[in-house]
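Sequential numbering from 1 applies to the sequence shown in full-length UniProt numbering. Note sheet for the following structure.
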Amino acid sequence: LPSRPKIFHGREFELEHMIKILHQDSPRLVILGAGGMGKSSLARAALHHPYIATKYEHRFFVVCDSATNSIELAAVMGVHIGLKPGRDLRKAVANYFSQTKYSLLILDNFETPWEPFQSRSDVEEFVSLLTDVRDLALMITMRGAERPGKVRWSHPFLAPLKPLSKDAAREVFHDIADDFHDSEEMDRLLGLTDNMPLAINLMAHLVDSEGCANVLNRWETEKTSLLSEGPDRRSSLDQSIIISLSSPRITSLPGAKDLLSLLSILPDGLSNVELLQSNIPIQDPLTCAAALLATSLAYNDDKRRLKSLFPIREHMQTFYPPSPQLIRPLRNHFHLLLDIYWQYLGLDRRINQISSNAENIYSILSRGL
Numbered sequence: 001l002p003s004r005p006k007i008f009h010g011r012e013f014e015l016e017h018m019i020k021i022l023h024q025d026s027p028r029l030v031i032l033g034a035g036g037m038g039k040s041s042l043a044r045a046a047l048h049h050p051y052i053a054t055k056y057e058h059r060f061f062v063v064c065d066s067a068t069n070s071i072e073l074a075a076v077m078g079v080h081i082g083l084k085p086g087r088d089l090r091k092a093v094a095n096y097f098s099q100t101k102y103s104l105l106i107l108d109n110f111e112t113p114w115e116p117f118q119s120r121s122d123v124e125e126f127v128s129l130l131t132d133v134r135d136l137a138l139m140i141t142m143r144g145a146e147r148p149g150k151v152r153w154s155h156p157f158l159a160p161l162k163p164l165s166k167d168a169a170r171e172v173f174h175d176i177a178d179d180f181h182d183s184e185e186m187d188r189l190l191g192l193t194d195n196m197p198l199a200i201n202l203m204a205h206l207v208d209s210e211g212c213a214n215v216l217n218r219w220e221t222e223k224t225s226l227l228s229e230g231p232d233r234r235s236s237l238d239q240s241i242i243i244s245l246s247s248p249r250i251t252s253l254p255g256a257k258d259l260l261s262l263l264s265i266l267p268d269g270l271s272n273v274e275l276l277q278s279n280i281p282i283q284d285p286l287t288c289a290a291a292l293l294a295t296s297l298a299y300n301d302d303k304r305r306l307k308s309l310f311p312i313r314e315h316m317q318t319f320y321p322p323s324p325q326l327i328r329p330l331r332n333h334f335h336l337l338l339d340i341y342w343q344y345l346g347l348d349r350r351i352n353q354i355s356s357n358a359e360n361i362y363s364i365l366s367r368g369l
């Protein structure tokens, strides 16, 4: 089994929620969220919780990175449970768990076998077969905000993971980089991470060796590449984002990447009304927005405005900056808003619309297109 996470802050509520679910008979649980949000760490924390270690005699943690369909997934699971290699181990895996009392199976990075449209149904069918085993507790972690079909997931659902609170982010930072650093510089660095756990972890390790001031200076020129020197999704911020961008849910909608590119220069995000009124040259913008939400590349804030986290915005500006053709309609839209504002000064609805887009307007107009 993988080790218990040694640095773990800000997920106490989610962990308690999961333990309550795992108290139920035949629990089926999904941990959702953006890449780098700490889903695997949360699963490992649950795996080593004293109650879970006592209740479940057999615990399995299966990383699904190498599986792209149900047969490959069964083969990976077969290695973990000690089955002899075979052409198709799906029934053998199910039979093994039906004969093994009180087991907990965690399928980590489940999006890899689940994402491809052509094999998704078979993968869901295989997982559904596993959930027929009464004494098997099933937990999966996967990117995005969608739960796989064909399974009756336990209620209440665990909400997709959000960024850490400011206090939890500081605790993680201090555990890695000590607490003698200038607090103002540290807060500036944490602002660049948007409190995304992976970004905090990578940033704090850099600060531990180079200091806050040096890392801040490097960020000005290197951006997210500064946090992307590792070889895989767990040690490279850019690699983690690229994996999300390669989701079939995104690649099947070319406009989705264009919309995310546009959001990269819009700190205030966009409402659904603005998406439609601004005449941006993106086909089916609301469908594209739904795809970004489904993959957790974007989120809706408390005002239902579509936004993207700062590290994702920085990545897109570096590697997929919005074209002038995308920006120009928005610039015209904001110009029109400002004209109406000056004509009808004091109209509350227009003032609210302007204030909701203050940073957007500055960002767009400062580009001088």
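Glycine residues also receive a C-beta, built at the ideal position from the N, C-alpha and C atoms.
Quick check on residue i: does DSSP put it in helix, strand or coil?
i    : result
H48  : coil
Y362 : helix
S103 : strand
I140 : strand
L1   : coil
K307 : strand
Y96  : helix
L338 : helix
P179 : Contrary to the premise, residue 179 reads as Asp rather than Pro in this sequence. D179 falls in the coil class under three-state DSSP.
L161 : strand
D135 : coil
D167 : helix
D88  : coil
D194 : coil
Can you tell me the Cα-Cα spacing of residue i and residue j, whole angstroms?
i           : j    : result
P116        : I106 : 21 Å
L246        : Q343 : Here residue 246 turns out to be Ser, not Leu, going by the sequence shown. Each residue's alpha carbon lies about 46 Å from the other.
R331        : G255 : 19 Å
L262        : R143 : 22 Å
M316        : K55  : 45 Å
A53         : F319 : 44 Å
D178        : L32  : 30 Å
H48         : K6   : 11 Å
S66         : L42  : 21 Å
Q277        : T295 : 25 Å
Q118        : T251 : 14 Å
V172        : I200 : 7 Å
S236        : P285 : 30 Å
S264        : R44  : 32 Å
C288        : P322 : 15 Å
T112        : L297 : 16 Å
L338        : F13  : 44 Å
S225        : Q283 : 31 Å
R234        : I340 : 48 Å
L164        : R11  : 8 Å
H9          : Q325 : 43 Å
residue 380 : T68  : One cannot answer for residue 380 here, as it falls past the ends of the chain, which runs 1 to 369.
By the 10 Å Cβ neighbour count, where 16 or more other Cβ atoms means buried, how is residue i classified, buried or exposed?
i           : result
P84         : Looking at the sequence shown, residue 84 is not Pro but Lys. Per the 10 Å Cβ criterion, exposed.
Y51         : exposed
P231        : exposed
A213        : exposed
N357        : buried
N279        : exposed
K101        : exposed
H181        : buried
L365        : exposed
residue 428 : Here the chain has residues from 1 to 369 only, and residue 428 is not among them.
K223        : buried
V79         : exposed
H23         : exposed
P197        : buried
K307        : buried
N195        : buried
residue 418 : A query on residue 418 cannot be resolved here, the shown segment of the chain reaching from 1 to 369 and no further.
D238        : buried
K257        : buried
Since residue i and residue j should fall inside the 8 Å C-beta cutoff, what is the C-beta to C-beta distance between them, to a whole number of angstroms?
i           : j    : result
A92         : G86  : 7 Å
L129        : L136 : With a Cβ gap of about 11 Å, L129 and L136 do not count as contacting.
V311        : T193 : Note on residue identity: the sequence assigns Pro, not Val, to residue 311. The Cβ separation is near 6 Å, so the contact holds.
I176        : H155 : That pair is no contact at about 36 Å.
V133        : F97  : 5 Å
S363        : P281 : Incorrect: roughly 19 Å between the Cβ atoms, too far for contact.
V123        : S70  : 5 Å
R90         : F126 : 5 Å
W153        : V30  : 6 Å
H17         : L158 : 6 Å
L161        : G38  : 6 Å
residue 381 : L292 : As displayed, the chain neither begins before 1 nor continues past 369, which places residue 381 out of reach and without an answer.
Shorter than 8 Å from the beta carbon of residue i to some beta carbon of chain D?
i  : result
S3 : Protein chains in the displayed structure number just one, and chain D is not present.
Please tell me whether, using a cut-off of 7 Å, the distance from the CB of residue i to the nearest non-hydrogen atom of the ligand SAM is below it.
i    : result
G144 : No copy of the ligand SAM occurs in the structure displayed, which carries no ligand at all.
Inset, instruction - Return the chain-ordered ranges of every alpha helix (DSSP H) run that is complete within the stretch 4–64 and spans a minimum of 4 residues. - result: The DSSP assignment places complete alpha helix (DSSP H) segments of no fewer than 4 residues inside the stretch 4–64 at 12–23, 39–47, 50–55, in order along the chain.
Inset, instruction - Can you check the stretch 233–319 for any alpha helix (DSSP H) of at least 4 residues that lies completely inside it and give the ranges in chain order? - result: 237–245, 248–251, 254–263, 272–277, 285–294, 310–319
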